[in-house]
Amino acid sequence: MNRARILTFNAALPVLDYRVPEGMSVVPGSVVVAPLGPREILGVVWEEERLPGQSVPDAKLRPLRDTVPVPPLRPELRRLIEWTADYYCAPMSAVARMVLSSGGALRGPMTTTEYRLSGGMPERMTAQRERAMERLEGEQATIRELAEIAEVSDGVLRGLVNQGVLEPVVVDIDRSYPRAHPDHAEPILSAEQKEVADELVAAVEAEEFAPILLDGVTGSGKTETYFEPVAAALRMDRQVLVLLPEIALTEAFLRRFADRFGAAPIVWHSSLKSTERRRAWRAISTGEAQVVVGARSALFLPYDNLGLIVVDEAHEVSFKQDDGVRYNARDVAVMRGHFEKHPVILASATPALESLQMAESGIYRKLDLPSRYGGAELPDIKLIDLTEEKPERGRWLAPSLARELFARLERGEQSLLFLNRRGYAPLTLCRNCGFRFQCSNCSAWLVEHRFSQRLACHHCGHEEQPPETCPDCNEPDCLVACGPGVERIADEVAEILPDARVAVVTSDTLNTPDKAAEFVRQAEAREIDVIVGTQLVTKGFHFPELTLVGVVDADLGLEGGDLRAAERTYQQVAQVAGRAGRGSKPGEVLIQTRHPEAPVIEALAAGDRDAFYEAETEARRFAGAPPFGRWAAIIVSSEDEAEAREAAQRIGATQPRIEDIAILGPAPAPMALLRGRYRYRFLVNARRSAKVQEALRQWLDPLDFPRGVRVSIDIDPYSF
Ligand code: ADP
Ligand code: ZN
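Heads up, the sequence shown is in the working numbering, so the first residue is 5 and it goes up one at a time.
Below, the structure is given as structure tokens:
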């Protein structure tokens, strides 16, 4: 090749041509450094015919500067990048950026210097130094990262380095990972598990694309079962990716993995330190990494020879990315399996309706684990009708739920209360003038957090100190908290059961893997009697002594009525119910509701999953919603309200008429103000067969907008 077309990460100039200088050799997929004006940019060499661009005559081409010493991106990954960009109407450069910039400084040196406390003391102690030394206990990272952890300036830490309080450690980026062994500790599978595991192993050995829905009730041992095809891939020297929805869950998972395979897998998530990130990226690209466990972004890593992807808790909403490239990792995982020719296992006790439908129509294979491992029974589910049995004034737990909590405490068993609301109260209001605390950047109320003594926006992260007096009428002692959050429920439990040890489990309290691990340890050691938590507690956890689950407000998710409200409610309640009675003692679930007649609540009470899915299928079919039709959303936003509105109106004015596609809008989006941007929305509803992406591109691509306007497309949106 003496000329090369490259895909850059620059959205404005995504495709550029260069000359390949004498002595440099590049192939499609090579990662290269190229001059652009006075700067250098990274790019990936692409097949010219697959990447339309202006052809520049040879004489005018500037030479490439360098190649980056990483393996070229394989054609399978290049096809995945193309597919993702095409399907989600995203720029290819943005998808390629997810693949490469996730590797951090690809060109950096092969060693890096990190620092840790040496045990020495500074000559002079200051408040900042003291805080740094306290917070950096047990940490080792670069100065920049340590400064973030300790919340002090780099300068403070440099001072500590000069005085020998922080000592340097040279870290080799290419040092190897411990090897996992497929036969380290083989479990004895139940007959039911074995049958499924054998099929999964055969699928891995076939080395062909096979999408598989592993549909197993909570506690059936899905993890134990899918570890067998993981072992098979290890024996074949193929790489494995396990996607998990929540980093809070990885700790327990890592332990189980290490027990089974004798070494921890490689972990990949967005808050990885830069050294670890580079090390993992390189090991993945060379094939040294055997098993990667990660959040959705791990899907776009440059695996050398992937042989299996497992998406655990595949129904989870967190697999959907809602900014930048708006992809659904569950669906992209299946496409990656298609390009790389290996099986993809979607594991869940409450699969998405889309996945079930794929199984029904024969596109996915479905394997079932219908019973709990070790003879445990599924829990007994009862409804508490809050219109009949009212909690006391100022309380949220019905007397019968309180009695059951008390009984568990007496017997030394654990209980779990589920309420999907972080903080103390979702709304703070002035009793005197009616003033409500609202976020200045978002159309949302500020949520009171008592532990941290803050009013916080759950959409943009804005926080403020709660004032003593009402900011509007200046009256003292007039601010009241309205409605419950988990912190308030925890307070109520402490009042009813003063002796109980209560743990609040939310993304606020379990915000690092260490804290998550400590929680799991305490719960397993029975140092906790009552767990009060948000959706974080609905997944993955396995506590054998937990025998009671209380759902504080089953109606919460049904309000607002978005497309997936019923399905999400079903999944959350069924998953949290699945935490009860996983050991030898039977479990009981009490669901508080004001709508016992709602179909989803009835199905939950009856433990009749099929009834729920049938009703939901009919409702979706009727609405032309997925999986029977497609939805897409167009979000038009700007920091300037008028600018956003005008742009939306202009888009509306050019709205095409297309057969099989209905377009609704523009209307203010449900979050009409989000992170300081005003938002308008179009909803697109189309038949399954309609070419929605093509229609959207033809409609929107020719339009030009002022710089401050952003138009984003969300294909298969989760909430809009
Ligand atoms: P699920 O993910 O289906 O809810 P898990 O994989 O968490 O279920 O399994 C539930 C519990 O049963 C776990 O503690 C797991 O270790 C145990 N378990 C499942 N299968 C086996 C087995 N074959 N041998 C030993 N323990 C098992
Ligand atoms: Zn906000």
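C-beta: ideal position from N, C-alpha, C; glycine also.
These numbers were taken from a predicted model, which means no experiment stands behind them.
DSSP three-state assignment for residue i, whether helix, strand or coil
i      : result
Asn689 : strand
Gly298 : strand
Tyr617 : helix
Tyr684 : strand
Ala287 : helix
Arg625 : helix
Val536 : strand
Lys324 : strand
Val30  : coil
Tyr22  : strand
Gly311 : strand
Ser59  : coil
Thr513 : coil
Glu643 : coil
Gly554 : strand
Thr542 : helix
Ala160 : In the sequence as presented, Ala is not what sits at residue 160; that position holds Val. Note: Val160 maps to helix in three-state DSSP.
Ile192 : coil
Thr432 : strand
For residue j and residue i, the rounded distance between their alpha carbons
i      : j      : result
Asp158 : Thr516 : 22 Å
Arg78  : Arg7   : 20 Å
Ser723 : His463 : 14 Å
Arg82  : Gly33  : 7 Å
Val49  : Pro488 : 55 Å
Asp241 : Ala284 : 18 Å
Val329 : Val696 : 17 Å
Phe616 : Gln144 : 50 Å
Thr542 : Ile662 : 42 Å
Thr473 : Glu364 : 59 Å
Thr254 : Arg598 : 36 Å
Val348 : Leu245 : 10 Å
Leu193 : Ala267 : 21 Å
Gly57  : Arg714 : 24 Å
Val60  : Gly41  : 16 Å
Arg69  : Arg9   : 14 Å
Gly379 : Ala529 : 23 Å
Ala584 : Gln418 : 9 Å
Arg101 : Leu413 : 52 Å
Residue i, enclosing alpha helix (DSSP H) - first and last residue
i      : result
Asp90  : 79-91
His453 : Unbroken run through His453 is the beta strand (DSSP E), 451-453; no alpha helix (DSSP H).
Val208 : 195-210
Pro172 : Pro172 -> not in any alpha helix (DSSP H); beta strand (DSSP E) instead, spanning 170-176.
Ile216 : From DSSP, Ile216 is part of no alpha helix (DSSP H) but of the beta strand (DSSP E) over 214-220.
Ala507 : Element bounds for Ala507: not the alpha helix (DSSP H) but the beta strand (DSSP E), 506-509.
Ala98  : 96-104
Leu459 : Run containing Leu459: none in the alpha helix (DSSP H); it sits in the beta strand (DSSP E), 458-460.
Residue i, enclosing beta strand (DSSP E) - first and last residue
i      : result
Asp518 : Segment 517-528 is the alpha helix (DSSP H) holding Asp518; no beta strand (DSSP E) there.
Glu592 : 592-597
Ser352 : 347-352
Ala673 : 665-678
Phe422 : 418-422
Arg568 : Looking at the DSSP string, Arg568 is not in any beta strand (DSSP E), and its letter there is neither H nor E.
Ser716 : 714-719
Ile10  : 7-12
Glu44  : 43-50
Gly124 : Segment: none, Gly124 is in no beta strand (DSSP E) and carries neither H nor E.
Pro603 : Run containing Pro603: none in the beta strand (DSSP E); it sits in the alpha helix (DSSP H), 603-610.
Leu483 : 483-486
Ala184 : From DSSP, Ala184 is part of no beta strand (DSSP E); its letter is neither H nor E.
Strand pairing of residue i, partner residues [DSSP]
i      : result
Trp400 : Bridge partners of Trp400: none, in fact.
Arg634 : Ala690
Thr115 : Asp176
Pro67  : Arg23
Gly438 : According to DSSP, Gly438 bridges with nothing at all.
Asp316 : Ala351
Glu468 : Leu459
Pro39  : Glu44
Ala363 : Note: Ala363 sits in no beta bridge, so no partner.
Interface flag, residue i vs chain C, CB-CB below 8 Å
i     : result
Arg66 : In the displayed structure, chain C is absent; only one protein chain is listed.
Distance cut-off 7 Å: residue i Cβ against heavy atoms of the ligand HEM
i      : result
Lys226 : This structure lacks the ligand HEM; its bound ligands are the ligand ADP and the ligand ZN.
Legend entry - Those runs of the alpha helix (DSSP H) which lie wholly inside the stretch 229-275 and span at least 4 residues: 251-265
Inset, instruction - Output the residue ranges of the beta strand (DSSP E) runs that lie fully inside the stretch 366-414 and measure 3 residues or longer, sorted by chain position. - result: 369-373, 384-389
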